[in-house]
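Its first residue numbered 108, the sequence shown is counted upward by one per residue in the working numbering. From the three backbone atoms N, C-alpha and C, an ideal C-beta is built for every residue, glycine too. Report on the following structure.
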Amino acid sequence: MNKSTPIFEDLILNDSLNLLFPAEAILWLNKKPESDIKFKWVSLHPEQLENGDLLLLKATNLRTKTIKSAISSGAVGILIFGPHKINIQIPENMPIVNIKSNENIRDVQREFTKLLTNKNASLNERKLQIQNQLTKLAAEGEMIDGIAKAMVDISRHGIIIHDKRLNIISSIPSPDLQQAWSDITVLFSQQENLPSPLHDRQQAGENDFEILQDITGGLSRIIVPINVGNVARGYLSVVGMEGTLDTLDHLVAEEGARTCAIIMSRTKAVRETEKKLQSDLLSALLQDDLSPRDASLWVEAIGLDQSQAHAALQFSWDSTAPPSRRRLETLINGAVIELDAKVILHPAGESVVCFCQNPVSDDKASLAVSLGEKVLELSKIEYSDTNVRCGIGSPVTDINKWHLSFKEAGLALEMATKLKEGKPYYYPDLSVYRLLLLLEDNPELNYFLKDVLGSLLLDNKQDNLIETLEAYFKNNSNISKTAETLFIHRNTLSYRLDKIKNITGMDLNNPETALAVNLALKIYRISPN
């Protein structure tokens with residue numbers, strides 16, 4: 108449903124009650140009808156009632172004969188105002204609603220009349236009230252969680268706010284959905300349940316869609332994009348049981364999305380400023396442009412904990428036609444948010460560098476490794492036809508040694524790129540590759556490679572023999588495990604190993620020979636040729 112479309116054609120009682128009165132003031136004295144109750148006019152006098160009218164009374168004036176008169180006149184319902192103990196029997200065939208607040212009945216009549224005679228003016232007035240309420244909260248510093256809570260209070264339905272990747276930013280259930288809320292949030296966070304007009308974030312931002320969506324299981328939601336700069340930066344859903352969402356919910360969704368956009372825009376501006384400061388700091392640290400005292404003061408000002416360790420990560424695309432570096436930064440920021448990691452980030456050429464805070468007791472840089480894994484995971488989802496490589500340096504506690512972790516991360520990234528590795532490479536785990544990288548330009552490596560593997564390298568048809576050797580050593584020379592890894596029969600593996608022996612003259616059971624071959628295979632993998 109596009110929001111420019113009229114929301115309803117006839118006045119519906121429940122719709123109107125929700126627009127005019129707070130939820131806590133509305134009490135149905137008999138069972139709330141499942142079907143919509145439509146009314147044509149409101150009256151303060153039982154004797155003036157006509158078919159399709161709504162009767163407004165003070166609670167103290169409700170009598171059995173008044174109810175019977177309303178029924179015989181064809182009235183569709185009675186609203187009584189003010190707290191009052193009801194001592195008469197309430198029939199099931201006449202909807203009666205107690206508005207528990209002490210409203211002036213004539214003022215209420217004017218509001219209903221305005222709604223009946225000029226729907227658009229009344230809706231715009233209510234819309235402005237919601238807008239002012241939410242905008243005031245945002246101006247007072249409330250973040251998206253606070254806005255979501257206010258929306259639940261107004262609409263009495265659940266609210267889910269997603270970011271552009273359908274990660275939940277805020278999720279607040281209404282009382283009737285509390286028990287099933289966990290399943291509901293999972294359901295609405297699935298890409299296949301996002302309405303197709305919202306899949307293109309640029310299109311969604313330009314067209315300002317508002318969609319009423321029914322979901323299997325008796326659920327409905329009004330979903331609107333949260334647009335910042337004509338691009339959908341997230342999605343807001345008002346969630347209720349099928350058939351319960353009304354005019355008020357549409358207004359809440361529209362104004363809620365507008366307020367969330369303001370907060371997101373403000374947060375983005377602050378974040379961009381922080382990122383610029385962090386980038387400047389990191390650049391100065393890595394170029395050794397700061398004294399230890401200045402570096403310490405700057406790090407403290409940015410909010411990093413100098414008592415913790417920090418590990419460098421370097422990321423880059425590995426593709427002939429890679430996406431932009433900006434998109435790589437976006438992936439990293441998304442992973443940082445998901446993991447709630449503390450990082451500073453700095454673009455460097457075609458790569459992106461960041462330092463991730465780790466507990467000083469964790470010498471394995473587990474959080475930095477998790478961050479690298481999450482970035483690679485997100486990249487496979489969003490950019491399945493290209494790859495991101497990641498290298499991670501050792502964690503250091505002295506900010507004046509960050510450049511060492513940075514250098515290690517660069518070497519690890521280089522190795523991950525050479526080996527086409529689909530996981531982050533952590534420098535301390537590189538083993539002998541650390542030595543090989545330092546000797547990469549030494550011609551002795553190439554001589555050693557040719558001496559050991561010899562004729563296996565001369566014929567491209569022998570590639571499967573190289574692969575066989577690698578699998579053999581990775582499985583600690585275990586024939587059965589190697590055959591399983593290569594998906595071949597043991598006899599086939601034995602044939603290949605015999606062939607390797609015949610070509611090279613090597614005895615793989617000799618420890619010295621095995622060490623030399625293993626080392627040569629690693630040189631082969633990092634060799635540009």
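Nearest by alpha-carbon distance to residue 507: which of 391, 547, 525, 589 is it?
Between residue 507 and the set 391, 547, 525, 589, the nearest pair of CA atoms involves 391.
Applying the criterion that 16 or more other CB atoms from any shown protein chain within 10 Å of the CB defines a buried residue, is residue 417 buried or exposed?
Buried, because 16 or more other Cβ atoms sit within 10 Å of the Cβ of residue 417.
Cα-Cα separation between residue 290 and residue 259, rounded to whole angstroms
Taking the Cα positions, residue 290 is about 19 Å away from residue 259.
Where does residue 170 fall in DSSP's three states?
If DSSP states are grouped into helix, strand and coil, residue 170 belongs with coil.
Quick check: is any heavy atom of the ligand ATP less than 7 Å from the C-beta of residue 398?
As far as ligands go, the structure on display features none, and thus does not contain the ligand ATP.
In chain order, what residues of the same chain lie with their CB nearer than 8 Å to the CB of residue 318, ignoring the 5 residues before and after it?
Apart from the 5 residues on each side of it in sequence, residue 318 sits with its Cβ closer than 8 Å to the Cβ of 108, 302, 304, 305, 329, 330, 331 in its chain, given in chain order.
Within the same chain, show all residues whose beta-carbon is closer than 7 Å to that of residue 470, passing over the 5 residues directly before and after it, in chain order.
Answer for residue 470: 502, listed in chain order.
For residue 176, which residues from the same chain have a beta carbon less than 6 Å from its beta carbon, with the 5 sequence-adjacent residues on both sides left out?
If we look at residue 176 and ignore the five residues flanking it on each side, its Cβ neighbours are 153.
Extract the residue ranges of the alpha helix (DSSP H) inside the region 254-296, only unbroken runs of 4 or more that lie entirely within it.
List check, alpha helix (DSSP H) in window: 288-295.
Between the alpha carbons of residue 256 and residue 178, how many angstroms are there, rounded?
Rounded to whole angstroms, residue 256 to residue 178 spans 40 Å at the Cα level.
Which two residues bound the contiguous beta strand (DSSP E) that contains residue 348?
Note, residue 348: beta strand (DSSP E), 338-348.
Does DSSP put residue 618 in a helix, a strand or coil?
In this structure, residue 618 counts as helix in the three-state DSSP scheme.
Could you check what DSSP says for residue 462 in three-state terms: helix, strand or coil?
In the three-state scheme derived from DSSP, where H, G and I count as helix and E and B as strand, residue 462 is classed as strand.
Enclosing beta strand (DSSP E) for residue 318 [first to last residue]:
Here the beta strand (DSSP E) through residue 318 covers 318-322.
At least 3 beta-carbon pairs within less than 8 Å: the region 598-607 vs the region 508-520
The region 598-607 vs the region 508-520: no contact.
Suppose the cutoff is 7 Å on Cβ atoms and the five residues either side in sequence are ignored; what does the same chain contact list for residue 382 look like?
Counting only Cβ-Cβ distances below 7 Å, and skipping sequence neighbours, we find 452.
For a test of the three-state rule: what should DSSP assign to residue 598, helix, strand or coil?
DSSP places residue 598 in helix when its eight states are reduced to three.
Where the alpha helix (DSSP H) containing residue 189 begins and where it ends
Going by DSSP, residue 189 is part of no alpha helix (DSSP H) at all; its letter is neither H nor E.
To the nearest angstrom, how far is the alpha carbon of residue 326 from that of residue 266?
Residue 326 and residue 266: Cα-Cα distance of roughly 13 Å.
Out of 530, 333, 498, 458, point me to the one whose CA is closest to residue 485's CA.
For the residues 530, 333, 498, 458, the minimum Cα distance to residue 485 belongs to 530.
At which residue ranges does the region 475-559 contain complete alpha helix (DSSP H) runs of 4 or more residues, listed in the order of the chain?
The region 475-559 contains these whole alpha helix (DSSP H) runs: 509-525, 539-545.
Look at the alpha carbon of residue 548 and the alpha carbon of residue 520, and state the distance between them as a whole number of angstroms.
When rounded, the separation of the alpha-carbon atoms in residue 548 and residue 520 is 18 Å.
Rounded straight-line distance, which links the Cα of residue 148 to that of residue 156
Rounded to the nearest angstrom, the two C-alpha atoms are 9 Å apart.
Residue 119 to residue 355, Cα distance in whole Å?
Answer to the nearest angstrom: the Cα atoms are 12 Å apart.
Proximity below 8 Å, CB of residue 65 to CB of residue 173
Any question about residue 65 goes unanswered here, given that the chain covers just 108 to 636.
Beta-carbon gap between residue 423 and residue 457 smaller than 8 Å:
Taking a C-beta distance under 8 Å as the contact criterion, residue 423 and residue 457 qualify as a contact pair.
Within the same chain, show all residues whose beta-carbon is closer than 6 Å to that of residue 312, passing over the 5 residues directly before and after it, in chain order.
Here the set comprises 334, 337, 338, 339.
Considering only C-alpha positions, which residue in the set 579, 608, 613, 610 is nearest to residue 597?
Its Cα nearest to that of residue 597, the residue 579 stands out among 579, 608, 613, 610.
Alpha carbon to alpha carbon, how far is residue 553 from residue 401?
Spanning the alpha carbons of residue 553 and residue 401 requires a straight line of approximately 46 Å.
Are residue 371 and residue 341 touching if we call contact CB-CB under 8 Å?
Yes, the pair counts as a contact, with Cβ atoms nearer than the cut-off.
Return the Cβ separation of residue 623 and residue 539 in integer angstroms, given the expectation that the two are a contact with Cβ distance under 8 Å.
Taking the Cβ atoms as the reference, residue 623 lies roughly 12 Å from residue 539, outside the contact range of under 8 Å.
When 493, 496, 494, 535 are compared against residue 512, the one with the closest alpha-carbon
Comparing C-alpha distances from residue 512 to each of 493, 496, 494, 535 shows the shortest one belongs to 535.
Given residue 202, which residues of its chain have a CB within under 8 Å of its CB, disregarding the five upstream and five downstream residues?
The beta carbon of residue 202 sits closer than 8 Å to those of 120, 135, 137, 139, 140, 144, 183, 184, 185, all from its chain and outside the five residues before and after it, given in chain order.
Residue of 509, 426, 262, 621 minimising C-alpha distance to residue 237:
Cα-wise, what sits closest to residue 237 is 262.
Same chain, Cβ closer than 6 Å to residue 438, five either side skipped, listed in chain order:
For residue 438, where only same-chain residues beyond five positions count, the Cβ hits under 6 Å are 482, 485, 486.
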